[in-house]
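Student:
Residue numbers (this note's numbering), protein chains in the order written: chain A, 917 to 1174; chain B, 389 to 538.
(1) Check whether chain B comes within 9 Å of residue 1157 of chain A, counting only Cβ atoms and requiring the distance to be less than that.
(2) Based on the DSSP output, what are the partners of residue 991 of chain A in its beta bridges?
(3) Enumerate in chain order the residues of its own chain whose CB-to-CB distance from residue 453 of chain B is below 7 Å, with the five nearest sequence positions on each side excluded.
(4) Nearest chain A C-beta to residue 492 of chain B closer than 9 Å, yes or no?
(5) In chain B, which residues lie with their C-beta within 7 Å of the C-beta of residue 1129 of chain A?
(6) Is there a C-beta anywhere in chain B that falls below 9 Å from the one on residue 917 of chain A?
(7) In this structure, does DSSP put residue 997 of chain A in helix, strand or coil?
(8) If you measure from the beta carbon of residue 430 of chain B to each beta carbon in chain A, is any gap under 9 Å?
(9) Please work out which residues of its chain come closer than 6 Å, Cβ to Cβ, to residue 400 of chain B, disregarding the five sequence neighbours upstream and downstream, and give them in chain order.
(10) Ignore the nearest five residues each way along the sequence and tell me which others in residue 406 of chain B's own chain have a CB closer than 8 Å to its CB.
(11) May I ask which residues mark the beginning and end of the beta strand (DSSP E) holding residue 968 of chain A?
(12) Just to confirm, is the Cβ distance from residue 1129 of chain A to residue 1066 of chain A under 9 Å?
(13) In angstroms with no decimal places, state the Cα-to-Cα distance between residue 457 of chain B and residue 1106 of chain A.
(14) What is the DSSP secondary structure of residue 406 of chain B, reduced to helix, strand or coil?
(15) Going straight from the alpha carbon of residue 448 of chain B to that of residue 436 of chain B, what length do you get?
(16) In whole angstroms, give me the CA-to-CA distance for residue 418 of chain B and residue 1004 of chain A.
(17) Would you call the CB atoms of residue 1138 of chain A and residue 487 of chain B closer than 9 Å?
(18) Please give me, in chain order, every unbroken run of the beta strand (DSSP E) with length at least 3 that falls completely inside the region 1087-1111 of chain A.
(19) Hey, out of B/494, B/534 and B/507, whose CA is closest to residue 1131 of chain A's CA?
(20) Quick check: is the beta carbon of residue 531 of chain B nearer than 9 Å to any beta carbon in chain A?
(21) Return the first residue and the last residue of the alpha helix (DSSP H) that residue 489 of chain B is part of.
(22) How would you call residue 926 of chain A, buried or exposed, if buried means at least 16 neighbouring beta carbons within 10 angstroms?
(23) For residue 980 of chain A and residue 1031 of chain A, which I take to be in contact (beta-carbon distance under 8 Å), what is that distance rounded to the nearest angstrom?
(24) Would you mind sorting residue 940 of chain A into buried or exposed? The rule is 16 or more other CB atoms within 10 Å of its CB.
(25) Return the residue from the list A/936, A/1147 and A/1088 that minimises the CA-CA distance to residue 956 of chain A.
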């Protein structure tokens, strides 16, 4: 688009694709600073004279201006799930956009293609899930048998996560329910087999659900100067950790565990 | 010794599992597994030297963050891709569970000790990431002032 002057319609298109990029980065687990950076760089690359972006983990607001013409868009993000391939590809695309400034329509198609291409294969996700649960059960002092039990519990959690969880579900209610069911299954297996290290089995699965990654990202947001976004993420991580503890505590209280 | 070896291997498998789960590429899954092995080895070494949860976790998080930043530059990918799976073995799942377990079973002493350890671990990880991030952004600033690319 080069150096020609931009009208409101152009700003709408430019900001539209910039917001799409930002949204895709945030949804797959990028830091807030990366989102703000990408949106503002894209706007400037297409010839905007100024761009103001503010992003939280759940909302992006951005204004692109060309001299006195201004245009603002906002985007609400309801759901995110970590997807490192999507993060990498979108990040690459965002750099390429800044370098080559392709037509906005083309960018729109390429974002759609990346989202489609980087969708997580459920089988791969399950393998990772089960592997991590078994590994962390052994990491926290379990034996081989405990690892296998943990794998079964993780399979149940995966089924819940994959088939029952909806995108706009209440995260806390979901976490308590899922960990309650997982706790029941763990105690059930222990009752059937006997002599399992129930603590290790449960910890292996706590590790799957605990939002350590959100916490890490929250810390990075804080360090990047995005205090609001950082504290949002960290408080979310703490609340979910409490929900996990509460969910696993209930079956132990009701039935009695190890 | 074999116990420790099993713990180290389990941490590598755990990090690799999370990398799978997060849809990382094959080469990145290998990086995640190696970082899991290294960080748990370092953690075991540190816990045998210093009796401070805060310090152990801070040093481990520093290592992991530096590892992620280096590989992000070597393999031209965002540092999150390497950091997020690598940090998983440090996550205080065990402490959190035993804190809850102590609370539920009325063992207040155990509950408090583990709750304390959970918070210290979180703080240690945060401090570790902080130290390395500050150094890295310092280096980036020096670099970008000499050439205008970033």
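In this text, a Cβ means the ideal position worked out from N, Cα and C, and glycines have one as well.
Tutor: Reading it off the structure:
(1) yes
(2) Residue pairing for residue 991 of chain A: DSSP places it in a beta bridge opposite A/976.
(3) 471, 516, 517, 520 and 521
(4) yes
(5) 472
(6) Its pLDDT being 47, under 50, residue 917 of chain A is placed unreliably in this model, and the value from its coordinates should be taken loosely. So, not an interface residue.
(7) coil
(8) no
(9) 421, 424 and 425
(10) 420, 472, 473 and 476
(11) 966-971
(12) no
(13) 42 Å
(14) helix
(15) 14 Å
(16) So the alpha carbons of these two residues sit roughly 16 Å apart.
(17) no
(18) none
(19) B/507
(20) no
(21) Note, residue 489 of chain B: alpha helix (DSSP H), 481-493.
(22) buried
(23) Actually they are not in contact, since the Cβ atoms of residue 980 of chain A and residue 1031 of chain A sit about 23 Å apart, beyond 8 Å.
(24) buried
(25) A/936
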